[in-house]
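**Student:** Take a look at this one; I'll ask things after.
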Ligand SMILES: [Zn+2]
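Residue numbers (this note's numbering): 136 to 336.
Here it is in structure tokens:
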């Protein structure tokens, strides 16, 4: 795992054959049940829980993401990551074509590219912000573009702002796992104050 940009980690997570098998498994189950779109930001893609992937995702969160994130992003994962929301996104000309500037409803997000062949649809990171400074301007040095590749995963804080560039050709499909900490959410005061990790400071 490499820190490719401050608080953005990339790891080679799956071999190409494993990516193909996972995608084939998702497609097989989607063929049997109408897919539920993952959230309001996507028209395409599918929630993975209803397709029967919750045990797999819980195992991934509990045994792999939570221990790694507790060390790498302790401000977000130090109190544990005990729930998740996992889904598949699909970028293509006849699917979602891009995704605007946003933050995730997660403490820590894992973004794993599964396939297929594509150009464009890069992930651009735009700076970590507290809730108070979410809309503050992006500084040039905060911008970091990650070029997806099947098998590579990005790990970042949910409050690390990002967007997806327009797809140029082909189709990119990624597994997104939003990992949440109920302990951290319960401890949040509700008051809108800046935090030590906010890059707007
Ligand atoms: Zn702030």
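By construction, the Cβ of each residue, glycine as well, lies at the ideal position given by its N, Cα and C atoms.
1. Consult DSSP for residue 298 and reduce its assignment to one of helix, strand or coil.
2. Would you call residue 256 buried or exposed, if buried means 16 or more other Cβ atoms sit within 10 Å of its Cβ?
3. By how many angstroms is the C-alpha of residue 163 removed from the C-alpha of residue 197?
4. Please classify residue 194 as buried or exposed, where buried requires at least 16 other C-beta atoms within 10 Å of its C-beta.
5. Might you give, ordered along the chain, the residues of its own chain that have their beta carbon closer than 7 Å to the beta carbon of residue 228, omitting 5 neighbours on each side?
6. Near residue 225, what residues of its chain come up, given a Cβ to Cβ distance below 7 Å and the 5 sequence neighbours on each side ignored?
7. For residue 146, which residues in the same chain have their Cβ closer than 6 Å to its Cβ, ignoring the five residues on either side in sequence?
8. Please report the distance separating the alpha-carbon of residue 202 from that of residue 320.
9. What is the residue span of the beta strand (DSSP E) that residue 236 lies within?
10. With a threshold of 7 Å (Cβ to nearest heavy atom), would residue 274 be considered close to ligand 1?
11. Considering residue 211, what are the terminal residues of the alpha helix (DSSP H) in which it resides?
12. Is residue 281 helix, strand or coil by DSSP?
13. Going along the chain, which residues put their C-beta within less than 7 Å of some heavy atom in ligand 1?
14. Grouping DSSP H, G and I as helix and E and B as strand, with all else coil, what is residue 206?
15. So, for residue 221: in the same chain, excluding its five sequence neighbours on each side, which residues have a beta-carbon less than 8 Å away from its beta-carbon?
16. Quick one: what's residue 243 bridged to in DSSP?
17. Check the C-beta distance from residue 154 over to residue 235 and give it rounded, since I have them as a contact under 8 Å.
**Tutor:** Let me spell this out:
1. strand
2. buried
3. 26 Å
4. exposed
5. 302
6. 179, 180, 231, 306 and 308
7. 136 and 288
8. 18 Å
9. 234-237
10. no
11. 209-212
12. strand
13. 264, 265, 267, 268, 329, 330, 333, 335 and 336
14. helix
15. 182, 183, 184, 188, 189, 192, 310, 311, 312 and 313
16. 292 and 314
17. Rounded, the Cβ-Cβ distance is 27 Å, inconsistent with contact.
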